[in-house]
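Engineer: Using the numbering used here, read the sequence shown as starting at 6 and increasing by one per residue. Handing you this structure, nothing more for now.
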Amino acid sequence: MFSLLKNSLYLRFWLGQVISQLGDGITRIGITYLVATLSKDPLLIGLVIFAQLLPTAVFGIFLGPLADQWNRRWLMVSADLYRMAMVIAMIFFYDSVPALIILTAFHGIGTALFDPARTSSIPDLAGESNLSEAISLSQSTKAAMDIIGPSLGALLLMSKQYSIIFLIDAATFAGSALLLFTLFSIGKVHAYSPEDKKTYLSFITSGIKEITGMPSLRFLLLLLLPITLVVGILNTNLVAVLTTTFHVSAFHFSLIESSMAIGVIIGAAWFGPYLMKRLKANALLISGTAVIGIWMALILPLDWIREETGIGAIYIWCTLIGVFNALINVPLSTLFLQVTPPAFRGRGSSLLGLTSSSAQMIGILFGGWIAKETGVLYGTALSGLLLILVAIILPFGKGYKNLSNSDHSKKRKEAAAL
6 MFSLLKNSLY
16 LRFWLGQVIS
26 QLGDGITRIG
36 ITYLVATLSK
46 DPLLIGLVIF
56 AQLLPTAVFG
66 IFLGPLADQW
76 NRRWLMVSAD
86 LYRMAMVIAM
96 IFFYDSVPAL
106 IILTAFHGIG
116 TALFDPARTS
126 SIPDLAGESN
136 LSEAISLSQS
146 TKAAMDIIGP
156 SLGALLLMSK
166 QYSIIFLIDA
176 ATFAGSALLL
186 FTLFSIGKVH
196 AYSPEDKKTY
206 LSFITSGIKE
216 ITGMPSLRFL
226 LLLLLPITLV
236 VGILNTNLVA
246 VLTTTFHVSA
256 FHFSLIESSM
266 AIGVIIGAAW
276 FGPYLMKRLK
286 ANALLISGTA
296 VIGIWMALIL
306 PLDWIREETG
316 IGAIYIWCTL
326 IGVFNALINV
336 PLSTLFLQVT
346 PPAFRGRGSS
356 LLGLTSSSAQ
366 MIGILFGGWI
376 AKETGVLYGT
386 ALSGLLLILV
396 AIILPFGKGY
406 KNLSNSDHSK
416 KRKEAAAL
C-alpha cells in the first residue's frame, strides 16, 4: 500500500489529503465546541452535522458531473481555495451560532465539488491495478487525521484563540491547492457522447441512466443505502450508549473514540488489503456487511460482559467496529471505481455521495427515534440485524452475480498484464 508513495505524483496527491483533512479535524472540533458553548442546545449541535452532510445530498449530483467535463486538477484547486475562503470568513463570525452553521454548509458545497474530482483522479494516478491499495491508503489516512486533527484542535482550544484555529485550516487548504496544482497529469475524460453536450442537465441524466442501468452498480448503490443508514443510527446511538448506559468517564470516552479510529486505520491499512488479495471483492463486501451486523447485535451482552470484566470489553468492541469497517469500505469503493466506466466516474462518485449522505442523514434522525422507542442498546442491535438481513438477501440478486463476473474479469485482465 505505502509503495504508492514512491510515485512522486501520488505522494503530492496524498500529502494534499493529509494536510487538508488535518485542518478539517481541527476546525470541526472548534466549530462543535463553539456551538456547544454558545448555545448549549443539542439540536444546534446536531445541525452542525446536518450542515456538513446537506450540501453533498443536495448539490453533489449537480457538482460531481463537472469532474467528467472539466479539468479535475482545476476543480480540486478551485474547491480548496473556495473552502479556504469559507474558513477565513468564520474568523469574523466565531461568536455567532447561525453564521457558523451557515458557513459550515457553504463550506460543504466546496467539498461536494472536490470529492468526486478527487475520487475520479485516483485511478489516473494509482493505476487501475492498484485501486484497492489506493482506497486503503486514503481511508487509513482519513482515520488517522480524524484522531490527530481533533486532538490538536482540543489543545488549541485551551488558548481560546479561535481565530488561530480557522487560520490553520485556511492554510492547510492553501497548501493542498498548491500541491494539487502541480499534478499536471490529472485532466478530464473526453469519452462522452455528442448528445451529452446539448445541455448540462442531459449530461447529468445520461450519467445517472448509465450508472443505474448497470446491474452491478445498481447493486452497490442499493447495498450502500442500508449500510449508511445504519452508520447514521450508530453515530446517533453510540454516544448515548457510552455516556448513559455504560457511564464511561470523559477521559475514557475520548480514548474509546480514538480506539475506534485506530481500528479503522488497522482495518484499512492492513486487514482490508490482506483479505482483498485472498477473497473476491464482492464476497468480502457481503461478508463484511454480515460481520458488522453481528458485531452490532453483540452490543446487547456487552453491558453484562463489561460488568464482569471491566471497561476493556468496551474498548475491544469499539476498536473492532473500526476494523470491520474496512471489510465494507475498501471493497465497496474499489468495486465502484473498477466497474464504473472512466467517462462516468465523476457522476458515479456524486451519485455515491448523494446516496451515502442522504441515507446517513435519515439514519441520524431514525436513530434518535428508535433509541427513544426501544432504548439505545436494542436500537443498535436491531440496526445490526438489518445489515445481517441485507447480507442474506442481496446475494440472490442479479447485480451481485454481475459484480462477481466483473470481479473475475478484472482479475483476468490483471493476470494478463503480468
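Glycine included, each C-beta is placed from N, C-alpha and C at the ideal position.
What does the alpha-carbon distance come out to for the pair leucine 16 and leucine 10?
Structural biologist: As a first step, residue 16 must be located in the sequence shown, where it is residue number 11. As a first step, residue 10 must be located in the sequence shown, where it is residue number 5. Taking the straight line joining both Cα atoms gives about 5 angstroms.
Engineer: For glycine 65, collect the residues of the same chain with a Cβ closer than 6 angstroms to its Cβ; drop the 5 residues on either side in sequence, then sort them by chain order.
Structural biologist: Counting from one through the sequence shown, the residue named residue 65 turns up at place 60. Excluding sequence neighbours, glycine 65 sits near Ala117, Ser355, Gly358 and Leu359.
Engineer: Quick check on serine 338: does DSSP put it in helix, strand or coil?
Structural biologist: Within the sequence shown, residue 338 is the residue found at index 333, counting from 1. Helix.
Engineer: Among the residues of its own chain, which have a CB less than 7 angstroms from the CB of isoleucine 173, if the five just before and after it don't count?
Structural biologist: Translated into the one-based positions of the sequence shown, residue 173 becomes position 168. Within the same chain, isoleucine 173 has close Cβ partners Gly28 and Ile31.
Engineer: Quick check on methionine 81: buried or exposed, where buried means 16 or more other Cβ atoms within 10 Å of its Cβ?
Structural biologist: On the sequence shown, position 76 is the one that residue 81 refers to. Burial call: buried.
Engineer: Check whether the stretch 380 to 397 and the stretch 147 to 158 touch, using three or more Cβ-Cβ pairs below 8 angstroms as the test.
Structural biologist: Result no; under three Cβ-Cβ pairs closer than 8 angstroms.
Engineer: According to the Cβ coordinates, are alanine 56 and threonine 109 closer than 8 angstroms?
Structural biologist: Your numbering for residue 56 matches position 51 in the sequence shown. Your numbering for residue 109 matches position 104 in the sequence shown. Yes, these two residues count as a Cβ contact at 8 angstroms.
Engineer: Anyone know if the C-beta pair for leucine 435 and isoleucine 261 falls short of 8 angstroms?
Structural biologist: Any answer about residue 435 is impossible in this case: the structure gives the chain only from 6 up to 423.
Engineer: Glutamate 200 by DSSP, collapsed to three states: which one?
Structural biologist: As a position in the sequence shown, residue 200 is number 195, starting the count at 1. Interpretation of glutamate 200 is limited by its pLDDT of 48, a score under 50 that renders its predicted location unreliable; no figure is taken from the coordinates.
Engineer: Are the CB atoms of isoleucine 222 and valine 335 nearer to each other than 8 angstroms?
Structural biologist: Position 217 of the sequence shown, counting from 1, holds the residue named residue 222. Position 330 of the sequence shown, counting from 1, holds the residue named residue 335. Correcting the residue identity first, residue 222 is leucine in this sequence and not isoleucine. Cβ distance not < 8 angstroms, so leucine 222 and valine 335 don't count as in contact.
Engineer: Check whether the Cβ atoms of serine 254 and glycine 21 sit closer than 8 angstroms, and answer yes or no.
Structural biologist: The count along the sequence shown starts at 1 and reaches residue 254 at position 249. The count along the sequence shown starts at 1 and reaches residue 21 at position 16. Going by C-beta atoms, serine 254 is not nearer than 8 angstroms to glycine 21.
Engineer: Could you tell me the distance, in whole angstroms, from the CA atom of leucine 305 to the CA atom of phenylalanine 251?
Structural biologist: For the purposes of this step, residue 305 is identified with residue 300 of the sequence shown, where counting begins at 1. For the purposes of this step, residue 251 is identified with residue 246 of the sequence shown, where counting begins at 1. Straight-line Cα distance between these residues: approximately 12 angstroms.
Engineer: Residues in its own chain within less than 6 angstroms of phenylalanine 186 by CB, not counting five upstream and five downstream?
Structural biologist: Residue 186 sits at position 181 when you count from the first residue of the sequence shown. The answer, listed in chain order, is Val82.
Engineer: With DSSP run on the structure shown, which of helix, strand or coil describes glutamine 22?
Structural biologist: Translated into positions along the sequence shown, residue 22 becomes position 17. Three-state result, glutamine 22: helix.
Engineer: Alpha carbon to alpha carbon, what distance is there between isoleucine 326 and leucine 239?
Structural biologist: Position 234 of the sequence shown, counting from 1, holds the residue named residue 239. Position 321 of the sequence shown, counting from 1, holds the residue named residue 326. Cα to Cα, leucine 239 sits roughly 10 angstroms from isoleucine 326.
Engineer: How far does the alpha helix (DSSP H) with tyrosine 279 in it extend, from its first residue to its last?
Structural biologist: Translated into the one-based positions of the sequence shown, residue 279 becomes position 274. Residues 277 to 281.
Engineer: Going by DSSP, what residue range makes up the alpha helix (DSSP H) through leucine 161?
Structural biologist: Within the sequence shown, the letter at position 156 stands for residue 161. Taken as a continuous stretch (DSSP letters only), the alpha helix (DSSP H) holding leucine 161 covers 136 to 162.
Engineer: If the criterion is Cβ atoms closer than 8 angstroms, does the pair glycine 372 and isoleucine 299 meet it?
Structural biologist: The residue given as residue 372 occupies position 367 in the sequence shown. The residue given as residue 299 occupies position 294 in the sequence shown. The answer is no: Cβ separation not under 8 angstroms.
Engineer: What is the DSSP secondary structure of tyrosine 99, reduced to helix, strand or coil?
Structural biologist: Numbered from its first residue, the sequence shown carries residue 99 at position 94. Three-state result, tyrosine 99: coil.
Engineer: Taking just the CA atoms, how far does leucine 68 sit from aspartate 201?
Structural biologist: As a working note, residue 201 is residue 196 in the sequence shown. As a working note, residue 68 is residue 63 in the sequence shown. Because the pLDDT at aspartate 201 is just 49, under 50, the model does not fix this residue reliably, and the point stays unresolved.
Engineer: With a cut-off of 8 angstroms on the beta carbons, I'd call leucine 58 and serine 338 a contact; round off their distance for me.
Structural biologist: If you number the sequence shown from 1, residue 58 lands on position 53. If you number the sequence shown from 1, residue 338 lands on position 333. Incorrect: roughly 18 angstroms between the Cβ atoms, too far for contact.
Engineer: Considering only residues of the same chain and omitting the five flanking positions on each side of glycine 115, which have a CB-CB separation below 6 angstroms?
Structural biologist: Counting from 1 along the sequence shown, the entry for residue 115 is found at position 110. Excluding residues within five positions, the ones whose Cβ falls inside 6 angstroms are Ala84, Tyr87 and Arg88.
Engineer: Checking 8 angstroms against the spacing of the C-beta atoms, do leucine 332 and glycine 368 come in under that value?
Structural biologist: Residue numbering aside, residue 332 sits at position 327 when the sequence shown is read from its first letter. Residue numbering aside, residue 368 sits at position 363 when the sequence shown is read from its first letter. Not closer than 8 angstroms, so no.
Engineer: Assuming serine 141 and alanine 286 are in contact, meaning their beta carbons sit under 8 angstroms apart, how far apart are those beta carbons, in whole angstroms?
Structural biologist: On the sequence shown, residue 141 is found 136 positions in, with the first residue counted as 1. On the sequence shown, residue 286 is found 281 positions in, with the first residue counted as 1. Their Cβ separation, rounded to whole angstroms, is 12 angstroms, which puts serine 141 and alanine 286 out of contact at 8 angstroms.
Engineer: Under 8 angstroms by Cβ, that's how I've got proline 70 and phenylalanine 208 pegged, so tell me the actual separation to the nearest angstrom.
Structural biologist: Taking the first residue of the sequence shown as 1, we reach residue 70 at position 65. Taking the first residue of the sequence shown as 1, we reach residue 208 at position 203. Indeed, because the Cβ distance is near 6 angstroms, the residues count as touching under 8 angstroms.
Engineer: If I'm right that isoleucine 321 touches leucine 392 with Cβ under 8 angstroms, what's the distance once you round it to whole angstroms?
Structural biologist: If you number the sequence shown from 1, residue 321 lands on position 316. If you number the sequence shown from 1, residue 392 lands on position 387. Contact flag wrong, Cβ pair sits at about 20 angstroms.
Engineer: Helix, strand or coil: which one does DSSP assign to glycine 132?
Structural biologist: Position 127 of the sequence shown, counted from the start, is the residue given in the question as residue 132. Coil.
Engineer: Pair every Cβ in the stretch 151 to 165 with every Cβ in the stretch 88 to 97, then say whether three or more of these pairs are closer than 8 angstroms.
Structural biologist: Result no; under three Cβ-Cβ pairs closer than 8 angstroms.
Engineer: Assign alanine 422 to one of two classes, buried (16 or more other C-beta atoms within 10 Å of its C-beta) or exposed (fewer than that).
Structural biologist: In the sequence shown, counting from the first residue as 1, residue 422 sits at position 417. Because the pLDDT of alanine 422 is 41, which lies under 50, any placement of that residue in the model is unreliable, and the number read from its coordinates should be weighed accordingly. Burial call: exposed.
Engineer: Assuming isoleucine 319 and proline 400 form a contact by the criterion Cβ under 8 angstroms, report the distance between their Cβ atoms to the nearest whole angstrom.
Structural biologist: Translated into the one-based positions of the sequence shown, residue 319 becomes position 314. Translated into the one-based positions of the sequence shown, residue 400 becomes position 395. Their Cβ separation, rounded to whole angstroms, is 32 angstroms, which puts isoleucine 319 and proline 400 out of contact at 8 angstroms.
Engineer: Determine the direct distance from the alpha carbon of isoleucine 54 to that of threonine 37, and round the result to whole angstroms.
Structural biologist: Sequence index remark: in the sequence shown, residue 37 carries index 32 (1-based). Sequence index remark: in the sequence shown, residue 54 carries index 49 (1-based). Near 9 angstroms, if we compare the C-alpha coordinates of isoleucine 54 and threonine 37.
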